[in-house]
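Student: Residue numbers (the working numbering), protein chains in the order written: chain A, 2 to 124; chain B, 39 to 742; chain C, 24 to 178.
C-beta atoms are modelled at their ideal positions from N, C-alpha and C, and glycine is treated no differently.
Before I ask anything, let me first share the structure, which is written out below as structure tokens.
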């Protein structure tokens, strides 16, 4: 196994997942992906990530409920979670934080912002 | 920390391409959801799906800086959000607007993909209507603060411009007091990382103050007792510093001041015993026995595999070509073995049969990859109907059946044009205006039914309208005036209907905006024939018209009968072959100077000398050789006179149009076991040109 | 490679020259996909006499044009036409049946002369220019006009 840190990305858009995968790989991370909250919880049980990046608007289980479920599990209390938000929804950040999110990345995100947000929440 | 360069352009281009594909699926879901709502379905999840589709298109588009598309998607999203939260009522009018907006959004997506623009007035009008809905509904304070990015440099973002740092900024010494609350740790934030981040702004000296730390016995692990005093020497301003702490602003006490005099407020000596190592301490870990928690789906621990994968079309086509070549190779092998006398021995026959089976299965499997449901065609038609309704003022209820019927991808692509023409014609010429319909006792709204099904190894597509039917008098007159038929020709009703397929035929007095110039059913027919299909029409005056398309299931492989005509090898599609007959002279009757008939079991069918029909002979030959009784898709029968029948074989269909053009009487080509090209007969075309079928034949017999 | 004349500044083209009887012709080499030996072609019904039929090349089926017939030259023994030059005409592959392939020639546009003085309106439609190589005249073939049947027209 490598020493690379693992990031779990959760987003129903294949495009966003691919963009994240490419960029995070460039930054030196391993990446696993999930399509929605339910998928995300399953991926969590496979291998514990060092960081979770999740979208909010997703089918089956949205980001807020996903975060609540993650935080509800003792094992993941200290796992940093970044949410992908859009500027146009001002109170989503508060809702996310109340659910237990660590920080956020505003869409559209650029490589700089992505790296900065990750730095602020992981080792 | 590896530098985050931007992604290489080809990687980005690949993701962008994938994005547009994703958009097509999202647009399709969006439309499907709106149509479901229009039908009156009340599942609350539908509006969520529609919202998410618009939201995803917007989100992805923003990543690529596709401003006009993003702006329009945003307007749609706002309206959908308002509907979702019951601030806007979803009535028929709003649904109609949303459906038209979905069409405009699709235009934006394609324009973005093709690097064009959407510039129609109706698009602007629809966008305006969406904006007005949201503005009127939400109080000013809640209006989304999205700014149209049009005209501004794009928000995205995957570019290689570095944010320029201010050239001359004053370096100052900042003093930051940072005291996390328990909630900061609860959200998995870590002061260490934030302090580390400050180092990106300048030189940091941090001291922890643990004076409030209680004794171990009183310590509550999740609580916060530490605070930091930080001195930062930086050119950054307060806002930038505050941004480092943006995630935790609500979870801490944060004070940022600058020391005007440049002398730092006392910073604790690094040797101070309470400083601890590295001046920063971490919250002690609190391991607990792990409990499987509620809310996490129990069950499979293996990751759920994606149910579909995206594959490059070229790869699939290559596979299909290989599978086809495999079929040819098998045929060559079988022939060679037969040639050296191994045929019939179980040693070679069994494995050969197995190979045949496996090859077929492989081919079917690969074909299935390229099979797509017709749904995508039907969706296009659905939008087309809306457009035509709008332009003509007619009302059309579109009913589709069998949209999950699967068809080879190449067939689908080439079906879109012919079907588009037919739908336009059906509404333009077939279905009457609401007034006309009411006047003749019909419902104001006409019905257009499109159905697709598999039948007898072919795909049958029917397009039926309940309009006024074909105007036979007009068609007959138009055909006569164009010299397509002679003045005294007596034609059955069905034959008149079929006149519309003749080249150069169009009865539109004014070329309507929709039907286009000179585009008629002849183009549709040749398009269908190019697919190896057939088209026929049935019409009932005042009641409506039905077009039936019959298409081969796969374009690539077919069972055929190898025959020889005038020394040339030809393939007759096995699906048309009824039986092989050795002619008896007394079964042949003459009709007039030129035509001949075969009498078989009380029926008379036209006898066609295939060599003559194909132009190999100038005169029909004497009757010798073999006769093939064939039937085309429309049920017409004829007897084909050929030299010899050589045997059945599976053939791979090769297009002759790819490198040449359509040849009358020939459907396609194939490659025989010896590598030679053999032509595949177009039975339908031969029968149409060179035969006359039973009923009119009897009439003419009677007429003498 | 033979230079047709001294090098000048105008853009240069490479042409593949071939022989029909005693006459020489050439085509732009960019259009040539490959050169094959003669294979028997399957005749097409009601095709013009210069289209010999369809042949198969590694799974692709395309027509063969008998260039002697196309130019109205006396049709001597088929056996003498041994070579098929496979060319792209637009998006279609077509085989040109010739006697032999000669050479690759580099020319500049300046060396191409118009065909107005030559015989035969018909021939002028698919010969776009002539050029001189060592006192021999070569006709440059305009491939896109060579086979009018290739244009999509209902039979």
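Can you find a C-beta in chain B that's less than 8 Å from the C-beta of residue 129/C?
Tutor: Contacts with chain B at 8 Å (Cβ-Cβ) do not include residue 129/C.
Student: Does the segment 626-635 of chain B come close enough to the segment 680-689 of chain B to have 3 or more Cβ pairs within less than 8 Å?
Tutor: no
Student: On the DSSP letters alone, give me the boundaries of the alpha helix (DSSP H) that residue 368/B sits inside.
Tutor: Looking at the DSSP string, the run of the alpha helix (DSSP H) that includes residue 368/B is 351-377.
Student: List the residues of chain C that residue 359/B touches, going by C-beta distances under 8 Å, in chain order.
Tutor: Listed along chain C, the residues sitting closer than 8 Å to residue 359/B by beta-carbon distance are 82.
Student: Would the segment 45-53 of chain C and the segment 79-89 of chain C be scored as touching if the rule is three or more Cβ pairs under 8 Å?
Tutor: no
Student: DSSP on residue 401/B, reduced to helix/strand/coil?
Tutor: helix
Student: Select from 263/B, 246/B, 48/B and 472/B the residue whose C-alpha is nearest the C-alpha of residue 253/B.
Tutor: Of 263/B, 246/B, 48/B and 472/B, the residue nearest in Cα terms is 263/B.
Student: Can you check whether the CB of residue 118/C is closer than 8 Å to the CB of residue 129/C?
Tutor: Contact: no.
Student: For a cutoff of 8 Å on Cβ pairs, would you count residue 117/C as touching chain B?
Tutor: yes
Student: Flag this pair as yes or no: are the beta carbons of residue 410/B and residue 444/B separated by less than 8 Å?
Tutor: yes
Student: Kindly indicate which residue of 100/B, 432/B, 413/B and 283/B has the alpha-carbon position closest to the one of residue 471/B.
Tutor: 432/B
Student: So which residues on chain B does residue 65/C lean against when the C-beta distance must stay under 8 Å?
Tutor: 606, 607, 707, 714, 715, 716 and 717
Student: With 8 Å set as the bound, which would you pick, yes or no: does the beta-carbon of residue 80/A sit closer than that to a beta-carbon of chain B?
Tutor: yes
Student: Taking the alpha helix (DSSP H) that residue 94/A falls in, what are its first and last residues?
Tutor: 93-100
Student: Could you check where the alpha helix (DSSP H) with residue 62/A kicks off and where it finishes?
Tutor: It is not in any alpha helix (DSSP H) - residue 62/A carries neither H nor E in the DSSP assignment.
Student: Go to residue 107/B, then tell me how far its alpha helix (DSSP H) extends in each direction, as first and last residue.
Tutor: 105-122
Student: Leaving aside the five residues before and after residue 580/B along the sequence, list all residues of the same chain whose C-beta is less than 8 Å from its C-beta, in chain order.
Tutor: Cβ within range, chain order: 478, 506 and 507.
Student: I'd like to know whether the C-beta atoms of residue 280/B and residue 294/B end up nearer to each other than 8 Å.
Tutor: A contact, by the Cβ cut-off of 8 Å.
Student: Let me see if you follow: with CB-CB separation under 8 Å, is residue 416/B close to chain A or not?
Tutor: no
Student: Please state if the CB of residue 80/A and the CB of residue 6/A are separated by a distance shorter than 8 Å.
Tutor: no
Student: Unbroken alpha helix (DSSP H) runs of length 4 or more, entirely within the segment 127-159 of chain B: which are they?
Tutor: 130-152
Student: Give a yes or no on whether the minimum CB-CB distance between residue 87/B and chain A is below 8 Å.
Tutor: yes
Student: For residue 105/C, collect the residues of the same chain with a Cβ closer than 6 Å to its Cβ; drop the 5 residues on either side in sequence, then sort them by chain order.
Tutor: 61
Student: Quick one, which of 90/B, 473/B, 123/B and 222/B has its alpha-carbon nearest residue 104/A's?
Tutor: For residue 104/A, the closest of 90/B, 473/B, 123/B and 222/B by C-alpha to C-alpha distance is 222/B.
Student: Which chain C residues sit within Cβ distance under 8 Å of residue 704/B?
Tutor: 67 and 68
Student: Output the distance between the C-alpha atoms of residue 88/C and residue 718/B, rounded to the nearest integer angstrom.
Tutor: 21 Å
Student: Taking the alpha helix (DSSP H) that residue 457/B belongs to, which residues open and close that run?
Tutor: Bounds of the alpha helix (DSSP H) holding residue 457/B are 447-463.
Student: Taking a Cβ distance cut-off of 9 Å, strictly less, list which residues of the segment 224-235 of chain B are near chain A, in chain order.
Tutor: 224, 225, 226, 227, 228, 230, 231, 232, 234 and 235
Student: Can you tell me the Cα-Cα spacing of residue 37/B and residue 211/B, whole angstroms?
Tutor: The question about residue 37/B has no answer, for chain B in this structure spans 39 to 742.
Student: So, is the C-beta of residue 108/A closer than 8 Å to a C-beta in chain B?
Tutor: yes
Student: Return the residues of the segment 87-101 of chain B that lie within a Cβ-Cβ distance of less than 8 Å from chain C, sorted by chain order.
Tutor: none
Student: Please confirm whether residue 149/A has its beta-carbon closer than 8 Å to some beta-carbon of chain B.
Tutor: The structure shown does not extend to residue 149/A, since chain A is modelled only from 2 to 124, so the question has no answer here.
Student: In terms of alpha-carbon separation, which member of 61/B, 53/B and 58/B lies closest to residue 24/A?
Tutor: 53/B
Student: Specify the secondary structure class of residue 528/B as computed by DSSP and reduced to three states.
Tutor: coil
Student: Whole angstroms are fine: how far does the CA of residue 90/C sit from the CA of residue 53/C?
Tutor: 19 Å
Student: DSSP three-state label for residue 421/B, please.
Tutor: helix
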